[in-house]
Every structure is written in structure tokens, then in C-alpha cells.
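I have placed the structure first, in the form of C-alpha cells, so that the comments after it can refer back to it.
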Amino acid sequence: LVPDNFSGTRRAVMIGINYVGHNPGELSGCHNDVFNMLAYIKECHGFEDENITILMDDGNHTEPTSANIMAAYKQLAAETQEGDAVFCHYSGHGGKLRDDDGDEADGYDETLVPLDYQTNGQIRDDDLFNMLVGAMPKGVYMTCVMDCCHSGSVLDLPYVFKGDGNMTEMTQAPDFDIGPLIGLAAALAAAAASGDDPMAQCGGCHIL
1 LVPDNFSGTR
11 RAVMIGINYV
21 GHNPGELSGC
31 HNDVFNMLAY
41 IKECHGFEDE
51 NITILMDDGN
61 HTEPTSANIM
71 AAYKQLAAET
81 QEGDAVFCHY
91 SGHGGKLRDD
101 DGDEADGYDE
111 TLVPLDYQTN
121 GQIRDDDLFN
131 MLVGAMPKGV
141 YMTCVMDCCH
151 SGSVLDLPYV
161 FKGDGNMTEM
171 TQAPDFDIGP
181 LIGLAAALAA
191 AAASGDDPMA
201 QCGGCHIL
């Protein structure tokens with residue numbers, strides 16, 4: 001999680017959703033997942049509480065609503081600087097929605113399912129990439145563990161690894177269109193150079 005000779009800041013966003021009171025759909029182990037991963041990154045990798053954001057539906061932490069999850073990811077990207085190490089952990093439901101902009105070979109966007117999905121919808125992979133991956137500064141070491149269904153492509157990354165015993169390293173996805181990724185990088189760079197909010201730029205153009 002942290003590279004050798006590291007001197008930056010360790011930052012993390014931890015999300016666990018048990019969907020307490022939901023029927024059907026309630027889970028039982030997602031809070032424990034967060035606590036276990038929290039202990040791991042603190043004890044083994046030196047992450048500190050002051051730089052860790054926790055969202056859980058346990059009545060003690062910020063609720064993992066759609067707005068709160070997106071705000072946490074945006075804040076993480078805004079505060080992170082070159083040389084930092086970032087860890088994101090999500091434990092909850094994942095889903096799929098019909099692709100709405102033609103960028104998915106299988107016709108579906110992968111999603112995270114926030115606590116209030118019934119009223120505010122799911123969080124699409126396009127938005128996750130724009131607010132979290134694409135918005136990160138150059139030179140950041142980021143690890144994401146998405147413990148949910150359909151998680152293999154939920155960040156819209158151009159690489160694939162299948163734990164089927166045959167693959168030994170990541171390979172580039174054969175159907176991944178790198179063009180929108182380059183377009184997003186250009187939009188973010190232009191926004192930063194002009195002093196505008198980079199997230200406002202990519203949020204308005206729906207690049208991916």
C-alpha cells in the first residue's frame with residue numbers, strides 16, 4: 001500500500017454499508033470489514049486516524065449516502081498531493097445499470113450502491129473514475145479494494161486481472177477505448193491551469 005522510501009501523507013476513505021433495516025438487501029459483515037481493514041492499514045502501514053475518513057450506517061459514523069460518498073472521494077482527490085499514498089476500501093452492494101453514454105462494450109455501467117440508492121440512485125463507474133481516479137494528481141500511489149459485486153471494472157480502469165490461475169499479471173483490456181481517458185486528462189489539466197475547479201470541468205462534459 002505504501003511504496004519504499006515513502007515520505008508523503010497516507011490518506012484513506014473507508015466505506016462499509018450493511019443496509020441496516022433494508023428488506024431485502026441487508027448485509028451483516030461490511031462494518032466488520034471496515035474495522036478489520038482499518039486495523040490493518042494503521043498497524044501494518046502507518047495510516048493515522050486524522051487522515052482516514054470512515055462512512056458506515058452504524059449510527060456512529062457519517063452515513064454512506066450517495067452525496068456523502070461522492071463528497072468523501074472528491075475531498076480525498078482535492079487534498080491528495082504528489083507523493084502521497086491513498087487507500088480506498090468499499091464493502092457493500094455493487095450493481096449494474098444500462099450504460100447511458102455508449103462507453104461500455106457490454107452495454108452496462110458498473111455501480112456502487114449507496115445507502116439511499118432507492119431515492120438517489122447508484123454511483124456509476126463513469127462518475128467514480130472522474131471524481132476519484134482521473135482527479136488524482138500525478139505521482140500518487142493509490143490502492144482501491146472494492147468488495148462488492150461487479151467490482152472488477154467499477155473504476156473504469158484500462159487493465160484487467162482475473163484470478164483464474166492462468167493470469168500472472170495485469171493486461172490491458174482489449175476493448176478499452178483510451179481516447180476518453182486522454183480527453184479527461186486534458187480537461188483536468190486545462191481546468192487546473194486556468195484556476196477552475198477540475199471536478200466542475202469533468203462533471204460537465206461526461207467524458208467517460
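Just so it is clear: in the sequence shown, position 14 is 14 by the working numbering, and no numbers are missing. Backbone N, C-alpha and C define an ideal beta-carbon position, used for all residues, glycine too.
Three-state secondary structure assigned by DSSP to residue i
i: Phe129; result: helix
i: Tyr40; result: helix
i: Thr119; result: helix
i: Met56; result: strand
i: His89; result: strand
i: Asp49; result: helix
i: Ile69; result: helix
i: Ala135; result: coil
i: Lys162; result: coil
i: Asp101; result: coil
i: Glu63; result: coil
i: Leu1; result: coil
i: Gln172; result: strand
i: Cys144; result: strand
i: Val154; result: coil
i: Asp33; result: helix
i: Glu82; result: coil
i: Leu76; result: helix
Close-in-space but distant-in-sequence residues of the same chain around residue i (CB under 7 Å, 5 per side omitted)
i: Val140; result: Thr80, Glu82, Asp84, Val86
i: Gly204; result: Legend: pLDDT at Gly204 = 35, less than 50; position of this residue unreliable, no value from coordinates given.
i: Met167; result: Phe161
Option in the options with minimal Cα separation from residue i
i: Leu128; options: Leu155, Tyr40, Asn51, Gln75; result: Leu155
i: Ile52; options: Asn36, Cys88, Glu26, Thr111; result: Cys88
i: Ile69; options: Pro24, Val145, Leu132; result: Leu132
i: Asp109; options: Arg98, Tyr117, Thr119, Thr171; result: Arg98
i: Ala71; options: Gly107, Asp164, Ile15; result: Ile15
i: Cys50; options: Thr62, Arg11, Cys30, Pro64; result: Per the sequence presented here, residue 50 reads as Glu, with Cys not at that position. The shortest Cα separation from Glu50 among Thr62, Arg11, Cys30, Pro64 belongs to Arg11.
i: Asp33; options: Ser7, Met167, Gly25, Gly92; result: Gly92
i: His61; options: Gly8, Ile41, His31; result: His31
i: Tyr117; options: Ser194, Phe47, Glu63; result: Glu63
i: Thr171; options: Gly165, Asp164, Val160; result: Val160
i: Thr9; options: Asp101, Met142, Leu38; result: Met142
i: Asp158; options: Phe176, Gly29, Ala191, Ser7; result: Asp is not the amino acid found at residue 158; the sequence shown has Pro there. Among Phe176, Gly29, Ala191, Ser7, the Cα nearest to that of Pro158 belongs to Phe176.
Beta-carbon proximity check, residue i vs residue j, cutoff 7 Å
i: Asp209; j: Val20; result: Nothing in the structure corresponds to residue 209, since the chain is present only between 1 and 208.
i: Ser66; j: Pro114; result: yes
i: Gly94; j: His22; result: no
i: Asn36; j: Leu27; result: no
i: Phe47; j: Ile41; result: yes
Sequence-distant residues of its chain with Cβ nearer than 6 Å to residue i (five each side left out)
i: Val145; result: His89
i: His45; result: Leu1, Val2
Near the ligand NAD: residue i beta-carbon under 6 Å from a heavy atom
i: Met131; result: Within the structure as shown, the ligand NAD is missing, as the structure has no ligands at all.
Beta-carbon proximity list for residue i, same chain, < 8 Å, skipping 5 on both sides
i: Asn120; result: Thr65, Ser66, Ala67, Pro114
i: Cys148; result: Tyr90, Ser91, Gly92, His93, Gly94, Leu112, Val113, Val154
i: Lys96; result: Tyr108, Asp109, Glu110, Thr111, His150
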